[in-house]
């Protein structure tokens, strides 16, 4: 009963709105063509921590420290093995870069 009372604040009554599953693009192919162009030109957008100018000492970081917890925050170090995570991060940010362009230019 005590646990139930503690957890009550985290329980939300009523339905939760589910976002539409429809694509926001008029023509999704436009986005994928733009993304393919960014990838083929090897565009690495600034502001995402992907360029040597954004790295401490000009070196890709081998780990990142993340704070976890609220009451007693701890820090954990997450490996950022370059051969795995850099390429994934670059692709993610290239897609985000394209999506931002589409949104800012009213192309959705």
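Residue numbers (the numbering used here): 68 to 175. Don't be surprised by glycine CBs; every beta carbon is placed ideally from N, CA and C. Since we're looking at a predicted model, the values are computed, not measured.
Requested in this report: Just tell me which of 144, 163, 74 and 175 has its CA closest to the CA of residue 111.
Outcome: 163
Query raised in the report: By a C-beta neighbour count over all protein chains shown, 10 Å radius and 16 as the cutoff for buried, is residue 98 buried or exposed?
Result: buried
**Report entry** Rounded separation between residue 109 and residue 160 - CA only
**Finding:** 12 angstroms
Query - Secondary structure of residue 120, DSSP reduced to three states - result: helix
Query raised in the report: Taking the continuous alpha helix (DSSP H) assigned at residue 115, which residues delimit it?
Result: That residue, residue 115, is in no alpha helix (DSSP H); it is neither H nor E in DSSP.
**Report entry** Residue from 122, 91 and 128 with nearest C-alpha to residue 174
**Finding:** 91
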